[in-house]
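Participant:
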DNA sequence: GTAATTGCAAATAATTTGCTGGGTG
DNA sequence: CACCCAGCAAATTATTTGCAATTAC
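Protein chains in written order, with our numbering: chain A, 1 to 134; chain B, 1 to 134.
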């Protein structure tokens with residue numbers, strides 16, 4: 001019991017991946033990281049990059065942001081509103097929360113860009129799953 | 001030039017898809033919509049569902065939310081912070097904006113659930129792309 | 001030594017696309 | 001009757017996984 005359960009061994013590959021991530025302000029895709037690390041360590045495989053990114057995210061050392069189109073969910077209400085995603089059962093539900101229009105204005109003021117819309121969502125455990133747990 | 005450019009023809013398939021979406025509070029995946037519409041119209045194909053969802057989103061009649069894992073971007077900073085995604089060039093950048101911790105509390109209070117974290121991002125045109133346009 | 005980790009390649013999973021015939025405006 | 005759109009299947013894209021060899025601790 002000396003090693004914590006999710007013990008992560010330190011390898012050249014993992015160190016390089018983390019170094020690349022810490023050393024860039026762009027928010028790279030897995031593939032970009034792969035190409036970058038390959039400059040140092042040409043033999044690394046894409047699978048290794050994916051596996052390490054996953055474990056780094058699980059270890060809380062790296063943030064993952066999902067964009068793009070996969071695993072989309074659709075909502076018949078086209079007005080902007082906010083969502084809650086349960087980390088336990090995967091359900092996504094609308095939440096009753098007023099639209100924060102002023103956030104967009106504040107972002108436009110402090111950063112020089114044009115905001116069209118924003119997306120806000122919360123992650124946690126839904127009521128049903130909370131009930132099941134006790 | 002009488003018809004608007006992105007003219008959308010009305011078909012049985014599209015009507016059914018929209019009806020299914022408007023008639024549910026869950027936030028279905030494309031596949032769920034497919035199964036549901038198939039109860040009415042067994043001959044519909046999954047490709048048609050995808051194509052229609054896409055055009056409905058483009059027409060602004062439906063919201064698309066992306067969850068899950070595809071097209072992830074990674075961030076070496078594991079602290080929660082907010083992002084801006086440029087709809088023109090696709091770049092994702094950090095924005096300088098204070099963390100709104102109190103949002104989580106407010107959601108927990110008005111809805112009975114446990115919030116672990118939240119995600120807030122803004123979409124629009126970045127400064128560089130704005131400059132290019134004029 | 002042993003268990004985590006690697007590289008490689010094949011497998012998945014969600015979504016998109018080419019084609020050809022059919023239905024809408 | 002032109003052209004958008006359907007169905008079908010094959011193609012893409014991002015990501016995951018099985019396996020045998022390797023390496024960190």
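The beta-carbon is built from N, C-alpha and C at its ideal position, and this holds for glycine as well. These numbers come from a predicted model, not from an experiment.
Suppose you measure from the CA of residue 95 of chain B to the CA of residue 31 of chain A; what does that come to, to the nearest Å?
Facilitator: When rounded, the distance between both Cα atoms is 24 Å.
Participant: Between the region 84-92 of chain B and the region 72-81 of chain A, are three or more C-beta pairs nearer than 8 Å?
Facilitator: Output reads no: the region 72-81 of chain A does not touch the region 84-92 of chain B.
Participant: How long is the line joining the alpha carbons of residue 21 of chain A and residue 110 of chain B, rounded to whole angstroms?
Facilitator: Each residue's alpha carbon lies about 38 Å from the other.
Participant: Quick one: measure Cβ to Cβ for residue 55 of chain B and residue 8 of chain B, integer angstroms, because I've assumed they're closer than 8 Å.
Facilitator: Their Cβ separation, rounded to whole angstroms, is 6 Å, which keeps residue 55 of chain B and residue 8 of chain B in contact under 8 Å.
Participant: Between A/23, A/24, A/119 and A/52, which has its C-alpha nearest residue 12 of chain A's C-alpha?
Facilitator: Ranking A/23, A/24, A/119 and A/52 by Cα distance to residue 12 of chain A puts A/52 first.
Participant: Using CA coordinates, which residue listed in A/24, A/47 and A/114 is at the minimum distance from residue 128 of chain B?
Facilitator: The residue with the shortest Cα to Cα distance from residue 128 of chain B is A/114.
Participant: Determine the extent of the alpha helix (DSSP H) in which residue 168 of chain B is found, giving its start and end residues.
Facilitator: Look at the range of chain B in this structure, 1 to 134, and you will see that residue 168 of chain B is not part of it.
Participant: Quick check: residue 122 of chain B and residue 134 of chain A, are their CB atoms within less than 8 Å of each other?
Facilitator: Taking 8 Å as the Cβ cut-off, residue 122 of chain B and residue 134 of chain A do not qualify as a contacting pair.
Participant: Nearest-angstrom Cα distance between residue 23 of chain B and residue 33 of chain B?
Facilitator: Each residue's Cα considered, the two are about 11 Å apart.
Participant: Does the distance from the CB of residue 76 of chain A to the CB of residue 57 of chain B come in under 8 Å?
Facilitator: Going by C-beta atoms, residue 76 of chain A is not nearer than 8 Å to residue 57 of chain B.
Participant: List the residues of chain A whose Cβ lies closer than 9 Å to the Cβ of residue 35 of chain B, in chain order.
Facilitator: What residue 35 of chain B touches in chain A: nothing, since even the nearest Cβ is about 14 Å away.
Participant: Of the residues A/27, A/26, A/80 and A/48, which one's Cα is nearest the Cα of residue 16 of chain A?
Facilitator: Cα-wise, what sits closest to residue 16 of chain A is A/48.
Participant: Of the residues B/19, B/25 and B/60, which one's Cα is nearest the Cα of residue 41 of chain B?
Facilitator: It is B/19 whose Cα lies nearest to the Cα of residue 41 of chain B.
Participant: Give the DSSP-derived three-state secondary structure of residue 62 of chain A in the structure shown.
Facilitator: If DSSP states are grouped into helix, strand and coil, residue 62 of chain A belongs with coil.
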